[in-house]
Structure formats: C-alpha cells, structure tokens
Amino acid sequence: MNQTQNETTQDQTQPSARAEAPEAKKRMDKWVKIIFLLVVVGVVVYIQYSQRKGPVVYGWSEDLPATIQRASRQNLPVLVFFMSRPAGEADHFIVKTLKNNKAAIEESKCLLVQAAVTGPSSELAVKYKLADTPVLMLLDSQGNEIARRTDRVGETDLPIWLKQSLAGKK
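Reading the sequence shown from the start, the letters are residues 484 to 653 in the working numbering.
Structure below.
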C-alpha cells in the first residue's frame, strides 16, 4: 500500500511540476525580452549621443579662450578646427586628415584646439566670421587670424598650407 500511495503522490505532483515548467519558462522569456530591450535602448542612446557630440580629435583642447591665453604666454600659434554641431560629413573628413597629418601638425609647434559652432549666429561664428563649417584657422599668439581653410583640406595639402601660412606670418 505504501508503494501505491507513493505512486499516487508522485502522479499528483508531476502534473503540477509540469504546469510550473511552462510558467517558469514564460517568466524567463519575459526577463530575456526586457533585458534585450534595455540593451537595444542603451545602444540607441549611445549612438545618438556620439553622433550629436560629433567627431573628436584626440589631444586637441576644446577650450579656445584658454588655449589663446596659453599661446600668448608661450608665444605660439594656434591651429583651430571649427566644426558644426551636429557634425556633418565634411567634419569627419577633416578629422581623418588631421589624424593622418599628426607629424606635420606637431612639427608646426601650434597649440591645437577644436571648437564646436552651433549655428551661423553663435558667438564663435560671429567673432571669427564663420559662414560655414568646417573651417581650419591659424591664429597668432594673440588670437588674430593668420590664415583659414574653408574647403576640403587633403592629406597632402595640410602640411603645405601650414608651412606656407606660418612662413607668411614671420
């Protein structure tokens, strides 16, 4: 009789265990979907933020007034990369050119700064007479314009432009 009771008890517990398995699977599927959704949202937010921020030229300051003050103290020229926010295709092109011409830029002994221009009526656009971006501008140690490039600067053009502009300054 004990064996019959055990079999009866097992038969009664097995259906409920079977019923719990699909319920547990549904809960697990729900959490997997929630986690997947959170990952997708996180990726979208990251992409939005990185596109809004625009291209970054590593090693370049983002504080133009402080860089000009430093240039004045050290009597060095300043190379400024004015870019738009949000960034356009031309901004990314110039960033690539700047990265590929790192040696020529270092040789010029310029202080380097990138500045975001938010629109044609922004303070920077008015002060430096920027009709469009991107613009590469060479400033003397007092912050006065020496030269500017508003067109696409190729990898071979940039070192030549820098040398000629700095030679014309002297």
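Each residue gets a CB set at the ideal place from its N, CA and C atoms; glycine is no exception.
| Check | Outcome |
| --- | --- |
| Burial state of T550 (16 or more Cβ within 10 Å) | buried |
| C-alpha gap between I517 and V527, whole angstroms | 15 Å |
| Limits of the alpha helix (DSSP H) - the one that Q625 falls within | Unbroken run through Q625: none, as it is neither H nor E. |
| Inter-stretch contact at 8 Å, needing at least 3 Cβ pairs: the region 587-597 / the region 605-619 | no |
| C-alpha gap between L622 and N558, whole angstroms | 11 Å |
| Beta-carbon spacing of V563, L547 below 8 Å | yes |
| Contacts around P642, its chain only, beta-carbon distance under 7 Å, and the 5 residues preceding and following it disregarded | N584, A587 |
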